[in-house]
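J.: Protein chains in written order, with my numbering: chain A, 51 to 459; chain B, 235 to 452.
Ideal placement from N, C-alpha and C gives every residue a C-beta, glycine not left out.
Keep in mind it's a predicted model, so treat the numbers as computed, not measured.
This is the structure:
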C-alpha cells in the first residue's frame, strides 16, 4: 500500500503546484451603479476641419472607474459646427463653440468645446529622419501649426505618400516599410501643405535563428546533420550552418563537429539529454545563439536494410532502390555503377540512413570496388575483371553480406 | 455549523476515552482535527467573462474513523485507511473584475466526506511516525450569500468529486493516543453555481490546510 500511495503522490504533487495560479479577470463589473461620467479631450480646442478624440470615463459608486467611451451616447449641441461618432471621434465643420454630451444609464456629463477659424501654416513630420532594414516598419507622425500659433496632431486626417515607392512604402496611417536599400522621403499633406520625413532603408537584418531538426531523439552511435537557418527582415532565409560555431551542452551524450564540411554533424554517444547550440556572429546585429534539445535514447540497431540504385555508363538511371537481402546475389553489367543506401532499423522501430557511417568492403576489388570516401560512401564501381565479389556492409555490431555478380557488358 | 461540529467532537472524545484498553499498532482509531486553511484566488467563468473571489484565511475541522494496519499485514504494507468528515469555511474578502477589485461579503463553506489511505514506514519505534496519504470522496461547496457592495452575486451550492493528498507526522503520546501534525491539499472537480441573474457560473476549489489532530486508538 505504501509504495502505491507514494507513486500516486508523486503524480499528484505537480498538480498541487500548478493549482496556485489564477488568470486575470475578464468580466466587467455590472454590480455597481454608474454615478458619474468624466469627459477628457485630446485637445482643448481645435481648428476648423480637423478632428479630436474624446474619452469618457465612468465612475462606479466611487469603487471602480472604467473607460466607457464606446458605451456612452455622444451628442453635439450644434452638428453644423462639430459632429461626433459613437467612438468619440469629433470632426469640426465650422468655427464656433458647442456643448458635447456623453450619456449612459441615465447619467449625463457635458463639456464646452471650441472650434477656431485658424488656418494651417505648416506641417511637421516626426521623426525628421530614421532608418529601417528592408522589411521593417517605422511610424511617422504629423502635426500642424496654425495661424493663431496653436498646434495639433493631424495623424488621422493627413494624407501620406512615399516619394520613392521603390525604396519604401507608407500606409494611410503613416507606417512606412523599407522595400530596398536607399533613402525615401515620406510625405504628409493636408490642405495643400506638406512636409517630409526621411527613411534610410538599410540591408535586411537578421531577426531569428532556427536549428533543424528541432528537439529530436536518436539512438547512440548515429551521426546526424544539423542545420542553422537565419531568417531576415525581408522575409528571406539563409543557411548559416557553415558560419556557425556548434557546441553540445553535454559531450558525454553527444558531440558536434566544427570541421570544414562537417559543421553541425552531431554524433550521439550515450543515452541522456543535451542541448545542441549554434553560435553565430552577425555583422550588424552582433552575437546570436540558438539551441535545440537532443535526447539520446536506449534504442539499439536491430537490422540493416540495403537498397541499390543502378546507373548505366552515361549516368542514366537503370533501376532505383532495389532491395537486397543478406546472402542475395545482384547481377550488373561491367559498365554499370551502383549507389547503395543503408538504412538502420532500431529497436524502437525508428529508421535512420546510415550510408555515410557504415563500413563498405568488397571481397574482390579486381571485380568491384566500393567507396568509404566522404561524399561517395556506398558507391560501387566495377573493376577490370568480371565475376562474383562478396560485399560486406557493417555498422555497429551488425553486418550484411551479399554477392555482386559483374557480367561482361 | 462549526459549533455543532465542535459539540460533536467533544462528545465523541469524551465517549471514546475510556475505551483505550488494548494497546496496539493494529486496530481501529478515531481522530479529530482543527486547522488553518488557505484558498488561492478562485476563478469563476461564464459567458460574461471571469471574475475572481479573494477569500480570507479560514479554518477547518474534521472527524475520522479509521483502521491502522500495523505491521501484521505485510502483504498490504504499513499504514492506515480512514473515512473522514470535514468542514472548511472562509469569509469573502474581495471580488476582482476586469476594472478592479470591489469589497465583497459572504462565506465559502465546504462539507466533505473522504476515504483516505496513509502510508507509514514499517519501523515505528521512533516517537514520530511520518506519513503520506491520498484520499477521494465528495464535497458540497456552498457560496453562502456572496455579495458585491451589497448587491447579490451568488447564493448556491453544488456537490462535486474531491481528492486530497497529505503528509505529516504522528507523535505517539501514549499507546492509545497520537498527536498528528499534517498538511493537506484538497481539490475538487468544477463546481457549478447560479448567480443572482440565474446564469450558470463555473467555479473551482483548491485548498491548502495545515492541521493538528488527535488520534485515539481503540
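By the DSSP assignment, the beta strand (DSSP E) with residue 430(A) in it spans what residues?
T.: Looking at the DSSP string, the run of the beta strand (DSSP E) that includes residue 430(A) is 429 to 432.
J.: Pair every Cβ in the region 333 to 352 of chain B with every Cβ in the region 84 to 96 of chain A, then say whether three or more of these pairs are closer than 8 Å.
T.: The region 333 to 352 of chain B, when compared against the region 84 to 96 of chain A, does not touch it at the 8 Å Cβ threshold.
J.: Which runs of the beta strand (DSSP E) spanning at least 3 residues fall entirely within the region 206 to 252 of chain A, listed in chain order?
T.: Those beta strand (DSSP E) runs which fall completely within the region 206 to 252 of chain A and span 3+ residues are 209 to 212, 218 to 220, 225 to 228, 232 to 240, 243 to 252.
J.: Starting from the Cα of residue 366(A), find the closest Cα among 91(A), 422(A), 387(A), 237(A) and give me that residue.
T.: The option with the nearest alpha carbon to residue 366(A) is 387(A).
J.: For my contact list, residue 248(A) and residue 200(A) are in at a C-beta cut-off of 8 Å; report their separation, rounded to the angstrom.
T.: Actually they do not touch by this definition, with Cβ atoms about 27 Å apart.
J.: Quick one: which residues of the region 267 to 288 of chain B get their C-beta closer than 7 Å to a C-beta of chain A? List them in chain order.
T.: Residues 274, 275, 277, 282, 283, 284, 285, 286.
J.: With a Cβ-Cβ cutoff of 8 Å, do residue 422(B) and residue 436(B) count as a contact?
T.: No; because the gap between Cβ atoms is not below 8 Å, this pair is not in contact.
J.: Using Cβ-Cβ distances below 8 Å, what residues of the region 363 to 396 of chain B are close to chain A?
T.: Of all residues in the region 363 to 396 of chain B, 366, 367, 368, 382, 383, 385, 387 have a Cβ within less than 8 Å of some Cβ in chain A.
J.: Note down, in chain order, every chain B residue with its Cβ under 8 Å from the Cβ of residue 111(A).
T.: The contacting residues are 383.
J.: Leaving aside the five residues before and after residue 245(A) along the sequence, list all residues of the same chain whose C-beta is less than 8 Å from its C-beta, in chain order.
T.: These residues qualify, in order along the chain: 172, 173, 174, 175, 192, 237, 238.
J.: Any idea if residue 257(B) is buried or exposed, counting beta-carbon neighbours within 10 angstroms, 16 or more meaning buried?
T.: Only weak support exists for where residue 257(B) lies, its pLDDT of 36 falling under 50; the coordinates are left without a value.
J.: To the nearest angstrom, how far is it from the Cα of residue 393(B) to the Cα of residue 428(B)?
T.: Using only the alpha carbons, I get a separation of about 13 Å.
J.: Can you check whether the CB of residue 265(B) is closer than 8 Å to the CB of residue 443(B)?
T.: No; because the gap between Cβ atoms is not below 8 Å, this pair is not in contact.
J.: What separation, rounded to the nearest whole angstrom, lies between the Cα atoms of residue 255(B) and residue 409(B)?
T.: Model confidence at residue 255(B) stands at a pLDDT of 30, short of 50, so the residue's coordinates are unreliable and nothing is read from them.
J.: In chain order, what residues of the same chain lie with their CB nearer than 6 Å to the CB of residue 390(A), ignoring the 5 residues before and after it?
T.: Hits under 6 Å: 358, 428.
J.: Output yes or no for whether 8 Å exceeds the beta carbon distance between residue 284(B) and residue 277(B).
T.: Closer than 8 Å, so yes.
J.: Please list the residues of the region 71 to 102 of chain A that have a C-beta atom closer than 7 Å to any C-beta atom in chain B, keeping them in chain order.
T.: Correct list: 72, 73, 75, 76, 77, 78, 79, 81, 82.
J.: For residue 292(A), does the three-state DSSP call read helix, strand or coil?
T.: In the structure shown, residue 292(A) sits in a helix (DSSP, three-state: H, G or I).
J.: Closer than 8 Å, CB to CB, is residue 313(A) near chain B or not?
T.: Closer than 8 Å: no.
J.: Which residues in chain B have a C-beta closer than 8 Å to the C-beta of residue 114(A)? List them in chain order.
T.: The contacting residues are 331, 333, 334, 336.
J.: Got a sec, what are the start and stop residues for the beta strand (DSSP E) residue 333(B) sits in?
T.: First-last for residue 333(B): undefined, no H or E at that position.
J.: I'd like to check one pair, residue 452(A) with residue 378(A): are the Cβ atoms closer than 8 Å?
T.: Contact: yes.
J.: Indicate the three-state DSSP secondary structure (helix, strand or coil) for residue 396(A) in the structure shown.
T.: Looking at residue 396(A) - three-state DSSP - the assignment turns out to be strand.
J.: Just mark residue 276(A) as buried or exposed, buried being the case when its beta carbon has 16 or more other beta carbons within 10 Å.
T.: The residue in question, residue 276(A), is buried, as its Cβ has 16 or more Cβ neighbours within 10 Å.
J.: Pick helix, strand or coil for residue 160(A), following the three-state DSSP scheme.
T.: DSSP places residue 160(A) in strand when its eight states are reduced to three.
J.: Check this for me: beta carbons of residue 337(B) and residue 325(B), under 8 Å apart or not?
T.: No.
J.: Give the secondary structure of residue 459(A) by DSSP, where H, G and I count as helix, E and B as strand, and everything else as coil.
T.: Residue 459(A) falls in the coil class under three-state DSSP.
J.: At which residue ranges does the region 354 to 393 of chain B contain complete beta strand (DSSP E) runs of 3 or more residues, listed in the order of the chain?
T.: Runs found: 362 to 382.
J.: Does the separation of the CB atoms of residue 294(A) and residue 328(A) fall below 8 Å?
T.: For residue 294(A) and residue 328(A), yes; Cβs fall inside 8 Å.
J.: In the structure shown, what three-state DSSP assignment does residue 91(A) receive?
T.: Here residue 91(A) sits in strand by DSSP.
J.: Anyone know if the C-beta pair for residue 430(A) and residue 454(A) falls short of 8 Å?
T.: Cβ atoms of residue 430(A) and residue 454(A): closer than 8 Å.
J.: Residues in the same chain with beta-carbon distance under 6 Å from residue 269(B), minus the five sequence neighbours each way, listed in chain order, please.
T.: Excluding sequence neighbours, residue 269(B) sits near 294, 443, 444, 445.
J.: Helix, strand or coil for residue 195(A), going by three-state DSSP, please let me know.
T.: Strand.
J.: With a threshold of 16 other CB atoms inside 10 Å of the CB of residue 306(A), please say whether the residue is buried or exposed.
T.: Residue 306(A) comes out buried.
J.: Quick one: what's residue 319(B) bridged to in DSSP?
T.: For residue 319(B), which the question treats as bridged, DSSP gives the partners 297(B), 347(B).
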